[in-house]
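**Student:**
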Amino acid sequence: MPLVRLTVQRARAWAARTIAIAMVSALPGFALAQAPLSAIDWLREDLSRTRPGGYPVTPPTGDAWLEGMITTRRIDALRPESVGLFPAARAGLPADFWGSTPEDELTALIANLPVDTLPALRDLSFRLLLAEFDAPYSPPADRTTDRDADRDASNAAEDQRRAHDFLAARIDKLMDFGAIDQAAALLDTLNPADPDLRMRRFEMALLLEQEQRACQSVLDADAPLPFEPAAVFCLARQGDWSRAAERLEQAMDAGTMPEPYDQLLVDFLDVDDHTHSISLPGDAVTIRPSELSPLAWRLLEATGEPVATHGLPVAFAHADLRGTIGWRAQLEAAERLVRSGALPPNRLLGLYTERGAAASGGIWERVRAIQRLDTALSEGESSEIGRALREAWPQVTADELETAFADLFAPDLMEADLDGEAAEIAITVGLLSDDYEQVALDQPGTDARGRFLSAIARGLPPRETGADDDPIRDSRWAAVAEAFANPAPIPEETRRGLSDDRLGEVILRTLISLESANDPRVLAEGLAVLRHVGLEDIARRAALQSLLLERRG
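Quick note: the sequence shown, position 542, residue 1445 per the numbering used here, numbers continuous.
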């Protein structure tokens, strides 16, 4: 891994924790009754989209259409543990989702959620992290004291610590996914006073080109952020170079300027050109890209030592979406963010079709292929659509962009009059789209493989729909068949957890276990559990993806 050379000593532990953040995405599988944060693309989704646990083709009946139209807010929803961007019902889950599982246990499980997972499971993780649930159970602190006041104060402090850790775990996991805008929106609904959470919000702003807003919070006269590097940076950003240099010198004299920011800020301010002259003793050291915080990365960029984002956590890819960045870097960043679910596919399509490919090979072949397909679909000539699809699909699969491709092109491809290989690709694309069940009804399959996939897309046991045993000889396909059998294999531990009011814990553990979905038993039980708890749509999409993508994530 390449190293960044700095004339400083080792970065402190807090600087080594990279804040991985990214912009907002279109989350499939649920809709919102209202869009209070209209700047967020995925909050504008079509209200007709289905919810997990329902049957995608069946329209709502009775009073179902009222769901989500009127919402109420519990008093404890104002607590940091409860803050969310949409009501639990809009995620297809109960408000008391966390149940009786202690808050600390949930915090640890959230921290262990896998990032490299199937798109359907990633989308479910996003829902759990962003929905507004009742506050988790926080058991009384295990402390004894002779004074009631001391005991109450101790319990209050412990509750506050748990609440902070739980919200911080949600924010950090969104950052791991690269979901900066979602994480920022979550914090903005709360407007936290906690310095640790405010620091996270500041670093998000640095990657989203929101320095002015970020610095207003840092330099707030009533509640300044107690972090000297941020204050010095923001003073300089506001043009007050003299005060910034003076504050830097004072902080270094007082020993309150942490490394590596002392040297970075000296370089950033170019202090020798001002009235202050600051020298830094110490040997040259290195900082690995994985140890760069957004502020350190931003300072390096400003001093002419930029660090390429492709070697950094996916959150940093947002910085390459700036208009001042080259087209290729923007394309590569957008592809990374789309793969992680942090950027809507339409944003990537806009970049693909922005201009003609600048060279040949690599990403430029994918750009050309997508442009040809987009043009062919616009013109409606079936033979050209088929040819363009056959050229584009290998380029898409090579970069693991299949589900994003399906979101963009599945509806038009299913209407095209295709045959042969192009028709087979189109059906695969359709089964990877949100309309997978309708595709299965329209294209029930002409061979064993097709009939098997059609049965799964409709939520039916393959053996009961006439699908023969040919696909089931493969262990992965057999595992999926087992998950959709009657009865399905629900582990006894899961049944106990559900009976003990631990639904949230059960689902989190299932998501964690499915990281090892190459194990047929784990795959069968995980999919069966998702179906058992009512997440039918997620289970079907994950099953189809596990078969058609032939990878975990």
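We put the beta carbon where it would ideally sit given N, CA and C, even for glycine.
Model, not experiment: these values are computed from the prediction.
Taking C-beta to C-beta, are ILE1013 and LEU1433 nearer than 8 Å?
**Tutor:** The answer is no: Cβ separation not under 8 Å.
**Student:** Identify every residue that forms a DSSP beta bridge with ALA1034.
**Tutor:** ALA1034 pairs with PHE989.
**Student:** Leaving aside the five residues before and after LEU1096 along the sequence, list all residues of the same chain whose C-beta is less than 7 Å from its C-beta, in chain order.
**Tutor:** The sequence as given places Ala at residue 1096; Leu does not occur at that position. Excluding positions up to five away in sequence, the list reads ALA1126.
**Student:** Can you look up LEU1005 in the DSSP assignment and give me helix, strand or coil?
**Tutor:** According to the sequence displayed, residue 1005 carries Pro and not Leu. The answer is strand: DSSP assigns PRO1005 an E or B state.
**Student:** CB ARG1140 to CB GLU1114, shorter than 8 Å?
**Tutor:** Against a cut-off of 8 Å, the Cβ pair of GLU1114 and ARG1140 comes out as a contact.
**Student:** Can you give me the C-alpha to C-alpha distance between ALA1245 and GLN1274, rounded to a whole angstrom?
**Tutor:** The straight-line gap from Cα to Cα measures roughly 23 Å.
**Student:** I'd like to know whether the C-beta atoms of PRO983 and LEU1093 end up nearer to each other than 8 Å.
**Tutor:** Closer than 8 Å, so yes.
**Student:** Closer than 6 Å by C-beta to GLU1208: which residues in its own chain qualify, once you throw out the five before and the five after it? Chain order, please.
**Tutor:** Same-chain partners within the cutoff: there are none.
**Student:** With which residues is TYR1040 paired in a DSSP beta bridge?
**Tutor:** The partner list for TYR1040 (beta bridge, DSSP) reads PRO1005.
**Student:** First and last residue of the alpha helix (DSSP H) that includes GLY1348?
**Tutor:** That residue, GLY1348, is in no alpha helix (DSSP H); it is neither H nor E in DSSP.
**Student:** Locate the alpha helix (DSSP H) running through ASN1249, then write down its first and last residues.
**Tutor:** Residues 1248–1255.
**Student:** Can you tell me where the alpha helix (DSSP H) holding ASP1320 begins and where it ends?
**Tutor:** Run containing ASP1320: none; DSSP gives neither H nor E here.
**Student:** Going by beta-carbon coordinates alone, are LEU1109 and PRO1197 separated by less than 8 Å?
**Tutor:** In contact: LEU1109 and PRO1197 (Cβ atoms closer than 8 Å).
**Student:** Assign ALA1420 to one of three DSSP states: helix, strand, or coil.
**Tutor:** Correct three-state label for ALA1420: coil.
**Student:** Might you give, ordered along the chain, the residues of its own chain that have their beta carbon closer than 6 Å to the beta carbon of ALA1329, omitting 5 neighbours on each side?
**Tutor:** For ALA1329, where only same-chain residues beyond five positions count, the Cβ hits under 6 Å are LEU1316 and LEU1321.
**Student:** Three-state secondary structure (DSSP) at VAL1432?
**Tutor:** Helix at VAL1432.
**Student:** Would you mind stating whether PRO1365 and ALA1343 have Cβ atoms separated by less than 8 Å?
**Tutor:** No, the Cβ-Cβ distance between PRO1365 and ALA1343 is not below 8 Å.
**Student:** Relative to the C-alpha of ILE1266, which candidate in HIS1067, GLY1289, VAL1299 and LEU1292 has its C-alpha closest?
**Tutor:** The shortest Cα separation from ILE1266 among HIS1067, GLY1289, VAL1299 and LEU1292 belongs to VAL1299.
**Student:** The alpha helix (DSSP H) that contains GLU984, what's its start and end?
**Tutor:** Where GLU984 is concerned, there is no enclosing alpha helix (DSSP H), given that its DSSP letter is neither H nor E.
**Student:** Considering only C-alpha positions, which residue in the set ASP1075, GLU1268, ILE1393 and ALA1442 is nearest to PRO1216?
**Tutor:** Of the listed residues, the one whose Cα sits closest to PRO1216 is ASP1075.
**Student:** Looking at PHE1308 and VAL1270, is the spacing between their C-beta atoms short of 8 Å?
**Tutor:** No.
**Student:** Given this structure, state the Cα-to-Cα distance separating GLU1204 from ILE1228, to the nearest angstrom.
**Tutor:** Spanning the two alpha carbons is a distance of roughly 12 Å.
**Student:** Tell me the rounded alpha-carbon separation between ALA1388 and LEU1363.
**Tutor:** Near 8 Å, if we compare the C-alpha coordinates of LEU1363 and ALA1388.
**Student:** Check SER951 in the structure and name its three-state DSSP category.
**Tutor:** Because SER951 carries a pLDDT of 34, less than 50, the predicted location of this residue cannot be relied on, and the following value inherits that uncertainty. In the structure shown, SER951 sits in coil (DSSP, three-state: anything other than H, G, I, E or B).
**Student:** Closest by CA to ALA1220, which one among LEU1021, GLU1235 and GLU1194?
**Tutor:** Taking only the C-alpha atoms, the option nearest ALA1220 is GLU1235.
**Student:** Let me confirm a value: SER1028 is counted as buried when at least 16 other C-beta atoms fall within 10 Å, else exposed. Which label applies?
**Tutor:** Under this definition SER1028 is a buried residue.
**Student:** Between PRO1129 and the rest of its own chain, which residues show a CB-CB distance below 8 Å, the 5 nearest in sequence each way excluded?
**Tutor:** Taken in chain order, the residues that qualify are PRO1098.
**Student:** Can SER1199 and LEU1167 be called in contact, C-beta distance under 8 Å?
**Tutor:** It should be pointed out that residue 1199 corresponds to Ala in this sequence rather than to Ser. Yes, the pair counts as a contact, with Cβ atoms nearer than the cut-off.
**Student:** Select from ARG1242, VAL1210 and ARG1250 the residue whose C-alpha is nearest the C-alpha of LEU1224.
**Tutor:** The shortest C-alpha separation from LEU1224 is found at ARG1250.
**Student:** What is the rounded straight-line gap between the Cα of THR1159 and the Cα of GLU1131?
**Tutor:** If you take the alpha carbons of THR1159 and GLU1131, they lie about 7 Å apart.
**Student:** Tell me the rounded alpha-carbon separation between ARG1405 and LEU1024.
**Tutor:** Using only the alpha carbons, I get a separation of about 19 Å.
**Student:** How is the alpha helix (DSSP H) around ASP1145 delimited, first residue to last?
**Tutor:** The amino acid occupying residue 1145 in the given sequence is Ser; Asp does not appear at that position. Start and end: 1144–1157.
**Student:** Does the separation of the CB atoms of GLY987 and PHE1036 fall below 8 Å?
**Tutor:** The answer is yes: Cβ separation under 8 Å.
**Student:** Would DSSP call GLU1439 helix, strand or coil?
**Tutor:** Three-state result, GLU1439: helix.
**Student:** Pick from PRO1022, ARG993 and ALA1038: whose alpha carbon is nearest that of TRP1001?
**Tutor:** Comparing Cα positions, the closest option is ALA1038.
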